[in-house]
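Going down the list, the sequences are from chains A and B. Position 440, counted from 1, in the first sequence is what this note's numbering calls 461; the numbers after and before it change by one each time, with no gaps. Position 119, counted from 1, in the second sequence is what this note's numbering calls 128; the numbers after and before it change by one each time, with no gaps.
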Amino acid sequence: MEKDYKFKVNLGGMIDILSNHLYSSPDVFVRELLQNGIDAISARIHSDKNFNENDAKIEIEVEKGKKILFRDYGTGLTEDEIHSFLSVIGQSSKYDIENKHSSGDYIGRFGIGLLSCFMVTDYICVRTCSYKTPDKTLEWRGMADGTYTITETDEKISVGTEIIILNNKKSGAGEVIDDYYDADNIANLVYYYGLFLKYPVYILDGEERTRLNLKFDFDTTRNKDVCMNLGKTFLGEDFLDCFILKSKKGLFSGIAYVLPYPVSANVKNMHRIYLKNMLLTESGERLLPEWAFFIRCIINTNNLKPTSSREDFYDDDALEQAREEIGECIADYLERLDLENKDMLYEIVRIHNLAVKSVIASTDGMDNILLPYIMLETSLGEMTCREISDFGGQAFYTTDVNQFKQLAPLYSQRNELLINAGYVYETAIVMKLAEMSINTDIEKLTDSDIDFMLDDSEFDSDPAADMLLSVAARVLKKYDCKVQLKEFRPFDIPALYTINEKAYQQRQIKRSMEAANEVFSDMLSFFEEDIKSSSDGKNGAKACLYLNTNNLVIRKLIESSDRERMGCYIEILYVQSLLSGHFPLIHDEMKALNENLYRLMQF
Amino acid sequence: MDFWDYQVKYFNDLDMGEQKCKGIKRAIDAALETGDINNALKLYHEFNTENQLYYDGYESVIMFSEYLALFEKHPEYWEENSEDLMWSFKNVVGNITDFCQIPLDRIENIYRQYSEYCKRFNYNMRSYYRHLWGDMYWHGLENFAGVKDVCECHKRMMQCPIDELSEIPAGECDDLVKYILFVEDDIEKAYEKAEPIFSGKLSCQQVPFFTYNNFAIYYFNAGNLEKAKFFNDKACREMYTYFGNTGSLMFDKGLCIMICAYTDAEKALKILRRQIGFVNNYNCPFESFYMFLGAYHVFKQLKNEGTSSIRFDFPGVDDKIYNKSGCYIAALENYYYEKAKSIAEKFDKRNRNNHFTEILNKKYTFNKGEV
């Protein structure tokens, strides 16, 4: 025969689950009580036509080390409601009410909030008077072992609910629990969680009454100074700027702040996120678009679904929509700056260079606004894309940082523009700039451009110069370095060493092999072989030493007929050009420098 | 100068990855020039970590021998620097198989030398077998470095207790889940073991991204696109949040993009745009292969959905692919297929199997039929 059985719930176990697994700290019992109070007040405003909204408030009294009392002037509960909602775990009065009203004013919905008090006490007393039965005050006493009693009490209270918790927790953290039974600490927790709650929360000390939360409305606050101060107080930064976040679909409202220093994309940005004006989390980075890591915010939402711990949101369509809308708000802000406050936009782009570049590289639509402000390294110093675009004539870019460093001085001498697009996102940025630039024609630098920039030497096909070239080619062969005669400015540079990425790697491998033990040296030889085997192709290793025939030393060398001396000088010039290009020397090069200097002394 | 001074002077403010690596290299040269050996050793370790975690790992493999030689030359700094050295060595061992230039027997030599260093500095072989089983699995290797197969390798790993060269708990947990998913093929057990990660009890910079991604790959391979999408969405979000702007983890990102291509091709393209720039200059063939694979699947799917051309930052000028109004999707699909294919062929030649070619040419079948 089939029989129905009911699950039994071990309340002690439940409390352990709440305190150790669901909630991050016992602190949250203050949030849960505030939440219950605010929801009860919202329900009363909806249901009790005689209720004066000016009476909507929460009061807290603390007897140091002994007792905490939370009082709200909400709906209160009838006996049936006590049985249904206070004594059944997982059943929330707000859930039922929500089915009837779709106001969405309620913060809680899980029916487990009151249980969180058992993290700091073994005894909860709830005195309540429902607006439906204003002459009747009921007292519910719940114990941590799962038992409870209900009695009607002669001690009448106003319509609403009082929750009393006593400092009598037997097991647990001792002194840590004592800290909660302190007016200052409770006030701090109210300030922390409920600063923006729309009904006043007071702490009472005898006749004295202190309001703990702000009169602040996310939807209407527009005063920039107030917003900046809030940012400084709650996010702990002197922000560069702030702007209002407002969802067109009513999903959120709040304030976004621009960080005054660069941050890495990997740093978790902390935002203060409120759900119906109650602090939900300080680490809700999922609400912002991923690229907005230069922004922090204080934000309130009414329509996103919290998880049961109420410390994060469900990852659903509403969250996705909110994220998109926040992205649009940031884009609108940047667009406004472009029209109204260009200096600020320059500053933001300067500080958050990488973040802004990543936005441009990965999203369409922001190019027109942000691209002109991006700063790039050029042969004529740092220039914005707008300045590059206005420069006029022909400009080149290189995706090789080493090549840029070697060639920039030459371009600079000729007042020509070479752009360094060697770092991440910069190739994409420069390509977009090339498309948008009207006055300047921007093209990628090729080997023939370098040859073109370095003028042909007047010594071309001069037999003396040919001899120098042949000696140089012989001497530099062991370094896999080609040699050419050219004329270029500045005159005082005798030789210019250029190298592509593969050749740069090859140098690094050689340097490592010099130090390596047998096993690693053997392994490195395969990397070296790999580079050599690809050297015939377009992307192979290429290194070239350009000798400047405008330079007196080179001219003197051409005049010389002493091949041996010539070889010494060439090798020294080669090493010198490496040093001036900031290339670390490998052992053979250092040795060659010393040996050649010694030989010259002996001539 | 102390380490902090080097940091401030040479690389503190630089962007992560490629740029920071260049800065640290300049700091190493500066320390060596002044004979500041202790800081040079620390900077080599810093370089190794940065290069491995946020870039392609190539230079850290190349430069490790300099680090090792400097360390060996200066026993006075062993006590202070041996753990750093071993972590860097571990990183190199974890990466070396991903370079198809290196023959398998040379890789076995590196593994052997690593095991000798583990013994010398009193570490057990857990980290050794951890990398070995990974290499054997992802490269389809058997009878490698004296171990018969992946199962035996993992068994040997589990026999070694966790030590100072082990990953943090989140990493160890993720590694176990990966083994259960891909080798034991036991989804229920994988869920059970992944619980501390999914519930948020265990996490680190890469976890839960890796774990979500592995579940997505598992379901994707099993043809369950719905579940693959569920985990892929989570993986994409984690990836975007923490690694969106770093040129690292291209293997994981590539697979993530590949799956996303089948669930939301536009989103996959968006992620790809952000990542592909890194790979154009990448020197790690294994990681590049997976990003090219991801790119190939994105363009294949976009083509199947009827897109013919898009604006795309294609490296260099190629009339077949790029013109001023955009890039041809079919040409991009073919380009990235060929890029992946050329790497796959090198790996398969080196590994003496068809592992990578099979991955590249695999036809995925979902509930709705073959895609």
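Quick reminder that beta carbons are idealized off the backbone N, C-alpha and C, glycines included.
Open item on the list: Among A:Ile575, A:Asn374, A:Lys88, A:Lys363, whose alpha-carbon lies nearest the alpha-carbon of Phe626 of chain A?
Closed with: Beyond the ends of chain A as shown, which are 22 and 624, falls residue 626 of chain A; an answer cannot be given.
- [ ] At 8 angstroms on the CB atoms, spell out the chain A contacts of Pro112 of chain B, in chain order.
- [x] Here the question's residue 112 of chain B lines up with position 103 in the second sequence. By Cβ distance, chain A contributes Phe547.
Open item on the list: Given this structure, state the Cα-to-Cα distance separating Glu181 of chain B from Ser175 of chain B, to the nearest angstrom.
Closed with: Within the second sequence, numbered from 1, the residue matching residue 181 of chain B stands at position 172. Within the second sequence, numbered from 1, the residue matching residue 175 of chain B stands at position 166. Separation of Glu181 of chain B and Ser175 of chain B (C-alpha to C-alpha, rounded to the nearest whole angstrom) is 7 angstroms.
- [ ] Just tell me which of B:Asp38, B:Glu75, B:Gly263, B:Ala154 has its CA closest to the CA of Arg532 of chain A.
- [x] Here residue 532 of chain A refers to the residue found at position 511 of the first sequence. The residue with the shortest Cα to Cα distance from Arg532 of chain A is B:Glu75.
Task: Cβ-based contacts, 8 angstroms cut-off: residues of the region 527-544 of chain A near chain B - done: With the criterion set as a beta carbon lying under 8 angstroms from some beta carbon of chain B, the members of the region 527-544 of chain A are Gln529, Ile530, Arg532, Ser533, Met534, Ala536, Ala537, Asn538, Val540, Phe541, Ser542, Asp543, Met544, in sequence order.
Task: Inter-residue Cα distance where the pair is Lys157 of chain B and Met166 of chain B - done: Within the second sequence, numbered from 1, the residue matching residue 157 of chain B stands at position 148. Within the second sequence, numbered from 1, the residue matching residue 166 of chain B stands at position 157. If you take the alpha carbons of Lys157 of chain B and Met166 of chain B, they lie about 14 angstroms apart.
Open item on the list: For a quick check, are the C-beta atoms of Ile514 of chain A and Asn436 of chain A less than 9 angstroms apart?
Closed with: For the purposes of this step, residue 514 of chain A is taken as residue 493 along the first sequence, with counting starting at 1. For the purposes of this step, residue 436 of chain A is taken as residue 415 along the first sequence, with counting starting at 1. The answer is no: Cβ separation not under 9 angstroms.
TODO: Go ahead and pull the three-state DSSP assignment for Asp337 of chain A.
DONE: Start at 1 with the first residue of the first sequence, and residue 337 of chain A comes out as number 316. Note: Asp337 of chain A maps to coil in three-state DSSP.
Task: Cβ separation of Met291 of chain A and Tyr214 of chain A, assumed to be a contact under 8 angstroms, to the nearest whole Å - done: Sequence index remark: in the first sequence, residue 291 of chain A carries index 270 (1-based). Sequence index remark: in the first sequence, residue 214 of chain A carries index 193 (1-based). Not a contact, Cβ separation roughly 16 angstroms.
Task: Selection of the region 55-79 of chain B by Cβ proximity to chain A, strictly under 9 angstroms - done: Flagged, chain order: Tyr63, Tyr67, Glu68, Val70, Ile71, Met72, Phe73, Ser74, Glu75, Tyr76, Leu77, Ala78, Leu79.
Task: Where Leu280 of chain A sits in the DSSP three-state scheme - done: As a first step, residue 280 of chain A is located in the first sequence; it is residue number 259 there, counting from the start. The answer is coil: DSSP assigns Leu280 of chain A none of H, G, I, E or B.
TODO: Starting from Lys503 of chain A, trace the beta strand (DSSP E) both ways and give me its first and last residue.
DONE: Taking the first sequence and counting its residues from 1, the one referred to as residue 503 of chain A is at position 482. If you look at Lys503 of chain A, you'll find it in the beta strand (DSSP E) that goes 503-508.
Task: Local Cβ density within 10 Å of Val492 of chain A, reported as buried at 16 or more and exposed below that - done: If you number the first sequence from 1, residue 492 of chain A lands on position 471. Burial call: buried.
Task: the region 430-449 of chain A touching the region 393-413 of chain A, judged by at least three CB pairs closer than 8 angstroms - done: yes
Open item on the list: Please state whether the Cβ-Cβ distance between Met300 of chain B and Gln310 of chain B is less than 9 angstroms.
Closed with: Locating residue 300 of chain B in the second sequence gives position 291, where the first residue counts as 1. Locating residue 310 of chain B in the second sequence gives position 301, where the first residue counts as 1. No, the pair does not count as a contact, with Cβ atoms beyond the cut-off.
- [ ] Spell out the partners DSSP gives Asp262 of chain A in its beta bridges.
- [x] Taking the first sequence and counting its residues from 1, the one referred to as residue 262 of chain A is at position 241. Bridge partners of Asp262 of chain A: A:Val279.
Task: Simplified DSSP assignment, three categories, for Lys164 of chain B - done: In the second sequence, residue 164 of chain B corresponds to position 155, counting from 1. If DSSP states are grouped into helix, strand and coil, Lys164 of chain B belongs with the helices.
- [ ] Go through its chain and collect everything with a Cβ distance to Lys88 of chain A's Cβ below 6 angstroms, but skip five positions before and after it.
- [x] Within the first sequence, numbered from 1, the residue matching residue 88 of chain A stands at position 67. Excluding residues within five positions, the ones whose Cβ falls inside 6 angstroms are Leu187.
- [ ] Return helix, strand or coil for Gln215 of chain B, following the three-state DSSP convention.
- [x] To locate residue 215 of chain B, count along the second sequence from 1; it is residue 206. Three-state DSSP puts Gln215 of chain B in coil, outside helix and strand.
- [ ] Return helix, strand or coil for Pro327 of chain A, following the three-state DSSP convention.
- [x] By one-based count along the first sequence, residue 327 of chain A stands at place 306. Residue state, collapsed to three classes: strand.
Task: Whether Ile390 of chain A touches Glu356 of chain A by CB criterion (9 angstroms) - done: As a position in the first sequence, residue 390 of chain A is number 369, starting the count at 1. As a position in the first sequence, residue 356 of chain A is number 335, starting the count at 1. For Ile390 of chain A and Glu356 of chain A, yes; Cβs fall inside 9 angstroms.
Task: Contacting residues, own chain, Cβ-Cβ under 8 angstroms from Tyr15 of chain B (five flanking each side not counted) - done: Position 6 of the second sequence, counting from 1, holds the residue named residue 15 of chain B. These residues qualify, in order along the chain: Ala36, Ala39, Ala40, Asn48, Leu52.
Open item on the list: Short of 7 angstroms Cβ to Cβ, which residues in the region 269-287 of chain B face chain A?
Closed with: Lys279, Arg282, Arg283, Gly286, Phe287
Task: Opening and closing residue of the alpha helix (DSSP H) in which Phe12 of chain B lies - done: Within the second sequence, residue 12 of chain B is the residue found at index 3, counting from 1. Phe12 of chain B -> alpha helix (DSSP H) spans 12-15.
Task: Coarse secondary structure for Ile116 of chain B, derived from DSSP in three states - done: What you label residue 116 of chain B is simply residue 107 of the second sequence in a count that begins at 1. Helix.
Task: Start and end residues, beta strand (DSSP E) containing Gly383 of chain B - done: Lying outside 10 to 380, the shown extent of chain B, residue 383 of chain B is not represented and no answer is given.
Open item on the list: Counting only C-beta atoms, is Ala339 of chain A closer than 9 angstroms to chain B at any point?
Closed with: Translated into the one-based positions of the first sequence, residue 339 of chain A becomes position 318. By this cut-off, Ala339 of chain A is not an interface position.
Open item on the list: Checking the sheet assignment: what are the DSSP bridge partners for Cys406 of chain A?
Closed with: Counting from 1 along the first sequence, the entry for residue 406 of chain A is found at position 385. In the DSSP output, where bridge partners are listed per residue, Cys406 of chain A has none listed.
Open item on the list: Here's the rule I'm using: 16 or more other beta-carbon atoms within 10 Å means buried, otherwise exposed. How should Gly275 of chain A be labelled?
Closed with: On the first sequence, position 254 is the one that residue 275 of chain A refers to. Buried.
Open item on the list: Can you check whether the C-beta of Tyr15 of chain B is within less than 9 angstroms of a C-beta belonging to chain A?
Closed with: Here residue 15 of chain B refers to the residue found at position 6 of the second sequence. No, because no Cβ of chain A sits closer than 9 angstroms to the Cβ of Tyr15 of chain B.
Task: Anticipated Cβ contact below 8 angstroms, Gly252 of chain A with Gln427 of chain A, distance rounded - done: On the first sequence, residue 252 of chain A is found 231 positions in, with the first residue counted as 1. On the first sequence, residue 427 of chain A is found 406 positions in, with the first residue counted as 1. That belief does not hold up - the Cβ atoms of Gly252 of chain A and Gln427 of chain A are roughly 46 angstroms apart, past 8 angstroms.
TODO: Would you check if the distance between the CB atom of Pro221 of chain A and the CB atom of Lys70 of chain A is smaller than 9 angstroms?
DONE: Residue mapping note: residue 221 of chain A aligns to position 200 of the first sequence, counting from 1. Residue mapping note: residue 70 of chain A aligns to position 49 of the first sequence, counting from 1. No, the Cβ-Cβ distance between Pro221 of chain A and Lys70 of chain A is not below 9 angstroms.
Task: Check whether Tyr133 of chain B and Cys169 of chain B have beta carbons under 9 angstroms apart - done: What you label residue 133 of chain B is simply residue 124 of the second sequence in a count that begins at 1. What you label residue 169 of chain B is simply residue 160 of the second sequence in a count that begins at 1. Note that residue 133 of chain B is Asn in the sequence shown, not Tyr. In this structure, the beta-carbon distance from Asn133 of chain B to Cys169 of chain B falls below 9 angstroms.
Task: Own chain, CB closer than 8 angstroms to Asn374 of chain A, minus 5 neighbours either side, in chain order - done: What you label residue 374 of chain A is simply residue 353 of the first sequence in a count that begins at 1. Cβ within range, chain order: Pro283, Ile395, Met396.
TODO: Please report how far the alpha carbon of Gly271 of chain A lies from the alpha carbon of Trp312 of chain A, in whole angstroms.
DONE: Taking the first residue of the first sequence as position 1, residue 271 of chain A is located at position 250. Taking the first residue of the first sequence as position 1, residue 312 of chain A is located at position 291. Using only the alpha carbons, I get a separation of about 23 angstroms.
- [ ] If I'm right that Thr448 of chain A touches Ser410 of chain A with Cβ under 8 angstroms, what's the distance once you round it to whole angstroms?
- [x] Taking the first residue of the first sequence as 1, we reach residue 448 of chain A at position 427. Taking the first residue of the first sequence as 1, we reach residue 410 of chain A at position 389. Contact between Thr448 of chain A and Ser410 of chain A is ruled out by a C-beta separation of about 17 angstroms, above the 8 angstroms threshold.
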